[in-house]
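Take 215 as the starting number for the sequence shown in the numbering used here and just add one per residue. By construction, the Cβ of each residue, glycine as well, lies at the ideal position given by its N, Cα and C atoms. Worksheet: one structure, shown below.
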Amino acid sequence: LQTATLCILIKGLFSLSSGFSAEISVFVQTGASVQLDIQTQELPEFDDLSWKKNISENIVKYTSESKKEKRYSSYKDRMDFNNRTFSLTLKNMQKTDSGIYRAIAAAESDNNIVTYRVSVIDAVEAPVLTVNSNSSSPDPCNSTCNGSSNIIISFIYDSSSCSPEEVISSDNYILRLSCIGDSIMCNYSNQVSWKTDTKKVNELCTAKTEKHEEAPAFPPWVIFICLITLALAVIGFCIYKRKKGTEHPTTILFQ
């Protein structure tokens, strides 16, 4: 916020003294609205004041003499124009709305009042804290903090703490890992949003241990073969005893 304010103040000084307009970067979440302000209290005299996207796409034109505005089709149904402050509000922003927006005051010559570089980006998806079940480490807290843009932090919860870590992707998505008290937090953010997955230490660190306790001592197929073998042995023994009994009949003598 302080950096943005400083940029706006510097831009205001330049525009008042020399007509130079610095570019202001603005990030907007997909589907949200954005308000673009003139950023100066002392506008030069003008016949028309227009907001344009990029070089030639007109959004709205305000005529000083008639005090009327003309809205153009590109944003006609999703914009508001304030004819007192000359601010422009754009609604339901989509990625195709990213671009350079300018307020231009026209008299004998055009005067570029303010320039915005607007970037429309999606909100981040929620990160995920998981136990690394594929790890060869015996430590049950060998885990991962995973963001949706293929950035991952692997960590081990050691006794009562973990080392804070931060990873920044090439497109400025930030993944942060931190531990506070008995909680482990995985935070994922970009310029317009942030989400966090928080788990208690005992919830995360016992997951792998429980999985090992539940695992059988022998694979199911070994147990199945043993049972079949035992059943065949019992059946074979019974058949053998029956045959042996028929070969030696009992003789009964009557006196």
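Excluding sequence positions up to five away, which residues of its chain have a Cβ less than 7 angstroms from the Cβ of residue i?
i      : result
Arg292 : Leu304, Lys305 and Asn306
Glu271 : Ser288
Ala429 : Residue placement at Ala429 is flagged as unreliable, the pLDDT there being 49, under the threshold of 50; the coordinate-derived value follows with that caveat. Here the set comprises nothing.
Ser407 : Gln243, Ala337 and Val338
Asn386 : Asn404 and Gln405
Quick one: grab the DSSP three-state call for residue i.
i      : result
Leu441 : helix
Val436 : helix
Arg456 : helix
Gln405 : coil
Asp372 : strand
Ala340 : coil
Ser363 : coil
Gly395 : coil
Ile252 : coil
Leu257 : coil
Would you give the residue range spanned by the beta strand (DSSP E) that residue i belongs to?
i      : result
Glu380 : Glu379 to Ile382
Asn167 : Within the shown structure, residues of the chain are numbered from 215 to 469, placing residue 167 beyond reach of any answer.
Asp262 : Asp262 to Lys267
Phe241 : Glu237 to Gln243
Phe295 : Met293 to Phe295
Thr303 : Leu302 to Leu304
Can a CB atom of chain B be found closer than 7 angstroms to the CB of residue i?
i      : result
Lys309 : Here chain B cannot be found, since the structure has a single protein chain.
For residue i, write down the residues that DSSP places opposite it in a beta bridge.
i      : result
Lys282 : Thr277
Ser333 : Phe241
Met185 : One cannot answer for residue 185 here, as it falls past the ends of the chain, which runs 215 to 469.
Ile318 : Ser264 and Asn326
Leu389 : Val381 and Tyr402
Can you list, in chain order, the residues of its chain whose CB lies under 6 angstroms from that of residue i, leaving out five sequence neighbours each side?
i      : result
Ser333 : Phe241 and Ser312
Leu444 : none
Check the C-beta distance from residue i over to residue j and give it rounded, since I have them as a contact under 8 angstroms.
i      : j      : result
Tyr276 : Leu257 : Actually they are not in contact, since the Cβ atoms of Tyr276 and Leu257 sit about 11 angstroms apart, beyond 8 angstroms.
Pro164 : Cys359 : Limits of the chain in this structure are 215 at one end and 469 at the other, which puts residue 164 out of reach.
Ile477 : Lys266 : The structure shown does not extend to residue 477, since the chain spans only 215 to 469, so no value can be given for it.
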